[in-house]
Amino acid sequence: MNEKLEQIRQEAIRQIENSDALEKLNEIKVNFLGKKGELTAVLKSMKDVAPEDRPKVGQLVNETRAEIEKVLEQAIKKMENIKREAQMKAEVIDVTLPAKKNQVGHSHPNVIAMEEVQRIFIGMGYEVVEGPEIETDYYNFEALNIPADHPAKDEQDTFYINGDFLLRTQTSGTQVHVMEQGKLPIRMIAPGRVFRSDEVDATHSPSFHQIEGLVIDKHITFADLKGTLAEFSKELFGADTKVRFRPHHFNFTEPSAEMDISCFKCGGEGCRFCKGTGWIEILGCGMVHPNVLKMSKIDPEEYTGFAFGIGLERIALLKYEIDDMRLLYENDARFLKQF
Amino acid sequence: MNTALSWIKAYVPELDCTPQEYLDAMTLSGTKVETYECLDKNLKDIYVGQILSIERHPDADKLIVCQVDLGDKKLQIVTGAPNVKVGDKVPVVVDGGKVAGGHDGGPLPEDGIVIKNGKLRGVESFGMMCSIEELGSDRNMYPEAPENGIYIFPEDTKVGADAIEVLGLHDTVFEYEITSNRVDCYSVLGIAREAAATFDKPFIAPEVKVNECSDKIEDYISVEVKDTDLCPRFCARVVKNIKIAPSPEWMQRRLAASGIRPINNLVDITNYVMEEYGQPMHAYDLDTIEGKKIIVKRANDGDTFMTLDGQERKLDGEMLMINDASKAIGIAGIMGGENSKITDDVKTVCFEAATFNGANVRKSAKRLGLRTDASGKFEKGLDPRNALDAINRACSLIEELGCGEVVSGVVDVCEPLKELNRIKFRPERINELLGTDIDADTMLKIFKKLELVYDEANGEIVIPSFRQDLEGIADLAEEVARFYGYDKIPSTLPSGEATTGKLPFKLRVEAIARQVAQYCGFSQGMCYSFESPKVYDKLLIDENDVIRNAIVISNPLGEDFSIMRTISLNGMLTSLSTNYNRRNANVRLYEMGNIYIADKLPLEKLPDERMQFTLGGYGDIDFFGMKGVVEEFFDAVGISGKIEYDPNAGKNFLHPGRQALIKYQGSILGYLGEVHPEVADNYELGTKTYVAVIDMPNVLPFASFDRKYVGLAKYPAVSRDISMVVPKEIMVGQIETMIAQRGGKILENLNLFDIYEGSQIKEGYKSVAYNITFRAKDRTLNEEDINGAMKKILNGLESMGIELRA
Numbered sequence: 340m341n342e343k344l345e346q347i348r349q350e351a352i353r354q355i356e357n358s359d360a361l362e363k364l365n366e367i368k369v370n371f372l373g374k375k376g377e378l379t380a381v382l383k384s385m386k387d388v389a390p391e392d393r394p395k396v397g398q399l400v401n402e403t404r405a406e407i408e409k410v411l412e413q414a415i416k417k418m419e420n421i422k423r424e425a426q427m428k429a430e431v432i433d434v435t436l437p438a439k440k441n442q443v444g445h446s447h448p449n450v451i452a453m454e455e456v457q458r459i460f461i462g463m464g465y466e467v468v469e470g471p472e473i474e475t476d477y478y479n480f481e482a483l484n485i486p487a488d489h490p491a492k493d494e495q496d497t498f499y500i501n502g503d504f505l506l507r508t509q510t511s512g513t514q515v516h517v518m519e520q521g522k523l524p525i526r527m528i529a530p531g532r533v534f535r536s537d538e539v540d541a542t543h544s545p546s547f548h549q550i551e552g553l554v555i556d557k558h559i560t561f562a563d564l565k566g567t568l569a570e571f572s573k574e575l576f577g578a579d580t581k582v583r584f585r586p587h588h589f590n591f592t593e594p595s596a597e598m599d600i601s602c603f604k605c606g607g608e609g610c611r612f613c614k615g616t617g618w619i620e621i622l623g624c625g626m627v628h629p630n631v632l633k634m635s636k637i638d639p640e641e642y643t644g645f646a647f648g649i650g651l652e653r654i655a656l657l658k659y660e661i662d663d664m665r666l667l668y669e670n671d672a673r674f675l676k677q678f
Numbered sequence: 055m056n057t058a059l060s061w062i063k064a065y066v067p068e069l070d071c072t073p074q075e076y077l078d079a080m081t082l083s084g085t086k087v088e089t090y091e092c093l094d095k096n097l098k099d100i101y102v103g104q105i106l107s108i109e110r111h112p113d114a115d116k117l118i119v120c121q122v123d124l125g126d127k128k129l130q131i132v133t134g135a136p137n138v139k140v141g142d143k144v145p146v147v148v149d150g151g152k153v154a155g156g157h158d159g160g161p162l163p164e165d166g167i168v169i170k171n172g173k174l175r176g177v178e179s180f181g182m183m184c185s186i187e188e189l190g191s192d193r194n195m196y197p198e199a200p201e202n203g204i205y206i207f208p209e210d211t212k213v214g215a216d217a218i219e220v221l222g223l224h225d226t227v228f229e230y231e232i233t234s235n236r237v238d239c240y241s242v243l244g245i246a247r248e249a250a251a252t253f254d255k256p257f258i259a260p261e262v263k264v265n266e267c268s269d270k271i272e273d274y275i276s277v278e279v280k281d282t283d284l285c286p287r288f289c290a291r292v293v294k295n296i297k298i299a300p301s302p303e304w305m306q307r308r309l310a311a312s313g314i315r316p317i318n319n320l321v322d323i324t325n326y327v328m329e330e331y332g333q334p335m336h337a338y339d340l341d342t343i344e345g346k347k348i349i350v351k352r353a354n355d356g357d358t359f360m361t362l363d364g365q366e367r368k369l370d371g372e373m374l375m376i377n378d379a380s381k382a383i384g385i386a387g388i389m390g391g392e393n394s395k396i397t398d399d400v401k402t403v404c405f406e407a408a409t410f411n412g413a414n415v416r417k418s419a420k421r422l423g424l425r426t427d428a429s430g431k432f433e434k435g436l437d438p439r440n441a442l443d444a445i446n447r448a449c450s451l452i453e454e455l456g457c458g459e460v461v462s463g464v465v466d467v468c469e470p471l472k473e474l475n476r477i478k479f480r481p482e483r484i485n486e487l488l489g490t491d492i493d494a495d496t497m498l499k500i501f502k503k504l505e506l507v508y509d510e511a512n513g514e515i516v517i518p519s520f521r522q523d524l525e526g527i528a529d530l531a532e533e534v535a536r537f538y539g540y541d542k543i544p545s546t547l548p549s550g551e552a553t554t555g556k557l558p559f560k561l562r563v564e565a566i567a568r569q570v571a572q573y574c575g576f577s578q579g580m581c582y583s584f585e586s587p588k589v590y591d592k593l594l595i596d597e598n599d600v601i602r603n604a605i606v607i608s609n610p611l612g613e614d615f616s617i618m619r620t621i622s623l624n625g626m627l628t629s630l631s632t633n634y635n636r637r638n639a640n641v642r643l644y645e646m647g648n649i650y651i652a653d654k655l656p657l658e659k660l661p662d663e664r665m666q667f668t669l670g671g672y673g674d675i676d677f678f679g680m681k682g683v684v685e686e687f688f689d690a691v692g693i694s695g696k697i698e699y700d701p702n703a704g705k706n707f708l709h710p711g712r713q714a715l716i717k718y719q720g721s722i723l724g725y726l727g728e729v730h731p732e733v734a735d736n737y738e739l740g741t742k743t744y745v746a747v748i749d750m751p752n753v754l755p756f757a758s759f760d761r762k763y764v765g766l767a768k769y770p771a772v773s774r775d776i777s778m779v780v781p782k783e784i785m786v787g788q789i790e791t792m793i794a795q796r797g798g799k800i801l802e803n804l805n806l807f808d809i810y811e812g813s814q815i816k817e818g819y820k821s822v823a824y825n826i827t828f829r830a831k832d833r834t835l836n837e838e839d840i841n842g843a844m845k846k847i848l849n850g851l852e853s854m855g856i857e858l859r860a
């Protein structure tokens, strides 16, 4: 019996080793281990074995079966590997062929800049507010300390509908709408479209965008204005950005300033981009003029505040080095795709 | 405003800094310097030489050989200039020196031109004689220079002197950007005062002294101001025995640097004083003034007047005129008349220095289309106190220059001058506003530099009349900040109550719309809010459609930008057309922008600004693609119920068979469709184009970001396919409504998987097939449940005239 089993074992292993296909291995499995296989036949012939030898023979049969199974399994695995390798070899692709892209749309550069600015100020606790694009003379001028007949009205080249209504020239009017609601303190930004009668050219557009900011509270100082806008500039233009405040004039703020940032192209050393000065003018700002507070029924002795206005197109043009403002309103897909 | 540094230094003699230092310091103290130009930047080694002899060049007809004395040496110079003669004193650039430009006066090279010894047609030349153009200037600024040839100095010029110096070109011209509140800084004295304060140097105002002759002004002229509202002050002085001559070179150089062409002593003095004091002046030929009388009053509507530039001007009743006893002789503050202008034969001159209402001058100038240097100054609103100082300064210059004899006395017709403004000095409040800790003494020192006087007894700061911009404590705070240094003010963050950053709901919904559009391949465009009224014809909009009731801009940039848009499609179609005609394939754009709907025209209250989410595209898109984007958006903003598409949208600009109104719970959320072929032609769109317009204000009430989780199904679904033959006019939407109604609670989903019209289907019918899924939340459905539901559905469909296919 032992010899028989040894013979089966050797025969099985020989056949397995000589096999060159999975099908053959399966055949071997059936032939040796299957219900009508040779090992099964041995088991079936156990009745011819002396009872006292049966456990020993049984053990031997099981050992033989285990060994054949093990060898068979290894062989199958090896064969499968060979087959998979062959298949993968046949499936080699040229990875430099063009990508199949989904057509995904792109944000307008203005809006990217606007959302950046919004994100920063929302993070600092500012509420975003919108105001009307067609405004009354009162909100656009008078309530901002620009009385009738003031030359600033001419400077701004206003589009008028009629005497009372006009296309807002600045988002600053939204300040007044918010102050009039009488809820203090105020921390707001007002993004939006504004209009001035400039002919269209590479650096002018009769319609552009501003973001107005306003903070009103007790004990707000010019130092707060400086600190806030310095933080903002670092967020928007990079942590190394330096800011510089220059005295300026706006009717609705006093003291007023223009803010420059250190040129983000040359880091302040002077280049073509900053016209050699190392600085880029970025926004106008100042402490809210007491007259403006009074007109909105806020006591300028109790409350103070600061305001600032940022030109979005200016930021978009600077950040993306766009050299012609007209591109922003042409909507050429090849342009828009770049943002 | 452009001014030579030498002029500023005339009043701040101790000023000593490089041009760049000056630019930086002035800019940071609030007088912004835009740029500067060193007039001598490309001029080097140029001296005054005297021509000793001239010989003809042996080999060139057009050249001459000159021996030139430069004081310490004599040089031989060959030139082709036609105008020099022996004895002339000329600018000579020597070997290694530099000139600014070529003799043709063309654009100046960036780094100038280096001059070297050389040979001209075989004869050695050791330098070059220069024209005014080669020195970087021109005959506008140096009127005495010859039109073509070498500049010739006056006879008394010292040989060997630095020619650049003699010509006044060792100077720097600064260009300032003056803010509108600083009327005083539109003058050399104003800027000099700022410069003195900035550099902490003394400011020395010009000395004004008029000797006067014995004649009395009363015998020459009287002035009557009838419209004092427009003319608070009118000063006049008379100068007799006028001797017209060129003004001295220092005056010419300063005017030239300011961009004002020197003419003669009289004109130059009025211009000089205008620049120096910021007070425009006018000179009348007194002999042309009838009745020895000046009357200041408004014109009559429809009058005409010939200004001194020879143009006939049409006047109206709000324009202020200067008249004599019988006629107008000038438009106040804008331009004098042809009839009283100064000629070379003038004997007696009447100077005017007046203060006119700035707004009136501005508006008159605008209506006349005539803005002058003078009107530009007046419209800012001048200080009446300045007028008298300025006219006296002019008279003192008249005497200094020997231009005439000043008649004794001034005619000064003046409304009571406003008291000087006083502001309570509250140093602690200034520190509160600035966030600083500056002591009161430092503040007072700054005020003193600015000629703001401290009235200690009353604790008030007295504001000089030239600083009309200083009204209250905030203004004083700015003065302190400017000279303390904006850069020295600390940088802090606001303290106080914390606030929550917020994006309003409307903007959140718009952000979602933008996101969805971009996921779906649409890029964001931006269009103008104003457009042409012709847009409505292009879009085939009915003659009497209310959509044509657009708000009109009264002063548009042109007809093409004259109305506020009432429909967003023109911008979209124009943009698509731009892309199409640039051969950009498969373009998808969206825009988020307002339309402006007036309740009533002319406008009586603010219009309704309706945000429109406009989508458009051509190429790889069709009606149902566009519909898909729209529905993705509605899904994203939580509009989950049934959206209806009404084919009777009534939009002329869309294909009549391919348009739909988008309705939800009775509201119209927008429309979509294929652009009408005629409209496509109007926009030169040679391809099928699809658009959708979502009216955001109507979407907002239904939008919501609330989501509730629905449990994942535990029990199996059962599905049934039905195939039917449907009369063509029945829309699948109607079938779906019927199935939804009849399917009951267990109806989970219905999915159209086939629609077919053609040969196997009878005429006037189409084949439609649905896969319907049923599922219950709480149990496994049995045959009866399904059959019951299906039966109801089938009955319903039959009642619509639909036949089931086997």
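Residue numbers (our numbering), protein chains in the order written: chain X, 340 to 678; chain W, 55 to 860. Backbone N, C-alpha and C define an ideal beta-carbon position, used for all residues, glycine too.
Boundaries of the alpha helix (DSSP H) in which valine 683 of chain W is found, first to last residue: Here residue 683 of chain W corresponds to residue number 629 of the second sequence, with the count starting at 1. Start and end: 677-690.
Chain X contacts from the segment 471-492 of chain W (Cβ-Cβ distance under 8 angstroms): For the segment 471-492 of chain W, which is checked against every Cβ of chain X, the residues closer than 8 angstroms are Glu486, Leu487, Leu488, Gly489, Thr490.
Using a Cβ-Cβ distance cut-off of 8 angstroms, determine whether isoleucine 559 of chain X contacts chain W. Indexing the first sequence from 1 puts residue 559 of chain X at position 220. Isoleucine 559 of chain X counts as touching chain W.
Does any residue of chain X bring its CB to less than 8 angstroms from the CB of glycine 371 of chain W? What you label residue 371 of chain W is simply residue 317 of the second sequence in a count that begins at 1. Cβ-Cβ to chain X under 8 angstroms: no for glycine 371 of chain W.
Quick one, are the C-beta atoms of valine 747 of chain W and leucine 623 of chain W less than 8 angstroms apart? What you label residue 747 of chain W is simply residue 693 of the second sequence in a count that begins at 1. What you label residue 623 of chain W is simply residue 569 of the second sequence in a count that begins at 1. Contact flag set, yes.
May I ask which residues mark the beginning and end of the beta strand (DSSP E) holding methionine 195 of chain W? Along the second sequence, read from residue 1 onward, the residue named residue 195 of chain W stands at position 141. Per DSSP, methionine 195 of chain W is not a residue of any beta strand (DSSP E), being assigned neither H nor E.
Taking threonine 554 of chain W as the query, report the chain X residues whose CB atoms sit under 8 angstroms from its CB, ordered along the chain. As a first step, residue 554 of chain W must be located in the second sequence, where it is residue number 500. Those within 8 angstroms of threonine 554 of chain W in chain X are Gly464, Glu466.
Segments assigned alpha helix (DSSP H), at least 4 residues, entirely inside the segment 297-324 of chain W: DSSP assignment within the segment 297-324 of chain W yields the following whole alpha helix (DSSP H) runs of 4 residues or more, N-terminal first: 303-311.
Could you name the residues of the segment 566-579 of chain W whose beta carbon sits closer than 8 angstroms to any beta carbon of chain X, in the order they occur along the chain? The segment 566-579 of chain W vs chain X, Cβ under 8 angstroms: Arg568, Ala571, Gln572, Tyr573, Cys574, Gly575, Phe576, Ser577, Gln578, Gly579.
Under 8 angstroms between the Cβ atoms of valine 456 of chain X and leucine 561 of chain W? For this step, residue 456 of chain X is matched to residue 117 along the first sequence. For this step, residue 561 of chain W is matched to residue 507 along the second sequence. Contact flag unset, no.
Chain-ordered residues of the segment 504-517 of chain X with a beta carbon less than 8 angstroms from chain W: Those residues of the segment 504-517 of chain X that come within reach of chain W (Cβ to Cβ, closer than 8 angstroms) are Phe504, Leu506.
For the segment 425-438 of chain W, list every residue whose C-beta sits within 7 angstroms of some C-beta in chain X, in sequence order. Per Cβ criterion, the list reads Glu433, Lys434.
Classification of serine 758 of chain W by the beta-carbon crowding that lies within 10 angstroms, buried from 16 upward: Locating residue 758 of chain W in the second sequence gives position 704, counting from the first residue. Its Cβ having fewer than 16 others within 10 Å, serine 758 of chain W is exposed.
Is it the case that the Cβ atoms of aspartate 775 of chain W and alanine 823 of chain W are separated by a distance below 8 angstroms? Counting from 1 along the second sequence, the entry for residue 775 of chain W is found at position 721. Counting from 1 along the second sequence, the entry for residue 823 of chain W is found at position 769. Their beta carbons are under 8 angstroms apart, which means aspartate 775 of chain W touches alanine 823 of chain W by this criterion.
How would you call tyrosine 274 of chain W, buried or exposed, if buried means at least 16 neighbouring beta carbons within 10 angstroms? Numbered from its first residue, the second sequence carries residue 274 of chain W at position 220. It counts as buried.
Use the C-beta contact count for glutamate 597 of chain X: other C-beta atoms within 10 angstroms, 16 or more gives buried, fewer gives exposed. By one-based count along the first sequence, residue 597 of chain X stands at place 258. So glutamate 597 of chain X counts as buried.
Under 8 angstroms, Cβ to Cβ, is there at least one residue of chain X near valine 415 of chain W? In the second sequence, the residue the question calls residue 415 of chain W occupies position 361. No, valine 415 of chain W does not count as interfacial toward chain X.
Quick check on the DSSP output: the beta strand (DSSP E) that includes cysteine 92 of chain W runs from which residue to which? Start at 1 with the first residue of the second sequence, and residue 92 of chain W comes out as number 38. Judged by DSSP secondary structure, cysteine 92 of chain W falls within the beta strand (DSSP E) whose first and last residues are 86-92.
Can you give the Cα-Cα distance for threonine 632 of chain W and alanine 714 of chain W, rounded to whole angstroms? For the purposes of this step, residue 632 of chain W is taken as the residue at position 578 of the second sequence. For the purposes of this step, residue 714 of chain W is taken as the residue at position 660 of the second sequence. Alanine 714 of chain W has its alpha-carbon roughly 26 angstroms from the corresponding atom of threonine 632 of chain W.
Please say whether proline 530 of chain X and valine 539 of chain X have beta carbons closer to each other than 8 angstroms? Counting from one through the first sequence, the residue named residue 539 of chain X turns up at place 200. Counting from one through the first sequence, the residue named residue 530 of chain X turns up at place 191. The Cβ atoms of valine 539 of chain X and proline 530 of chain X do not sit closer than 8 angstroms to each other.
I'd like to check one pair, glycine 435 of chain W with valine 227 of chain W: are the Cβ atoms closer than 8 angstroms? Against the second sequence, residue 227 of chain W aligns to sequence position 173. Against the second sequence, residue 435 of chain W aligns to sequence position 381. Between valine 227 of chain W and glycine 435 of chain W, the gap from beta carbon to beta carbon reaches 8 angstroms or more.
Contact set for isoleucine 661 of chain X: own chain, Cβ-Cβ below 8 angstroms, skip 5 residues either direction: The residue given as residue 661 of chain X occupies position 322 in the first sequence. So the qualifying residues of the chain are Pro448, Ala655, Leu667.
Is any beta-carbon of chain W found at less than 8 angstroms from that of serine 601 of chain X? As a working note, residue 601 of chain X is residue 262 in the first sequence. Taking Cβ atoms only, chain W never reaches closer than 8 angstroms to serine 601 of chain X, which makes this a no.
Three-state class that DSSP yields for alanine 703 of chain W in the structure shown: The sequence position of residue 703 of chain W within the second sequence is 649, counting from 1. Under the three-state reduction of DSSP, alanine 703 of chain W is assigned to coil, being neither helix nor strand.
Smallest Cα separation from valine 177 of chain W: which of W/Lys499, W/Val138, W/Tyr338, W/Gln121? Here residue 177 of chain W is taken as the residue at index 123 of the second sequence, counted from 1. The residue among W/Lys499, W/Val138, W/Tyr338, W/Gln121 with its C-alpha nearest the C-alpha of valine 177 of chain W is W/Gln121.
Please confirm if serine 358 of chain X has its CB atom under 8 angstroms from at least one CB of chain W. Reading the first sequence from its first residue, position 19 is the one you call residue 358 of chain X. Chain W contact via Cβ: absent.
Identify the residues that DSSP records as bridge partners of histidine 548 of chain X: which are they? Walking along the first sequence from the start, residue 548 of chain X turns up at place 209. X/Arg532.
For methionine 665 of chain W and lysine 717 of chain W, I'd like the C-alpha separation in whole angstroms. The sequence position of residue 665 of chain W within the second sequence is 611, counting from 1. The sequence position of residue 717 of chain W within the second sequence is 663, counting from 1. Their backbone Cα atoms lie some 17 angstroms apart in a straight line.
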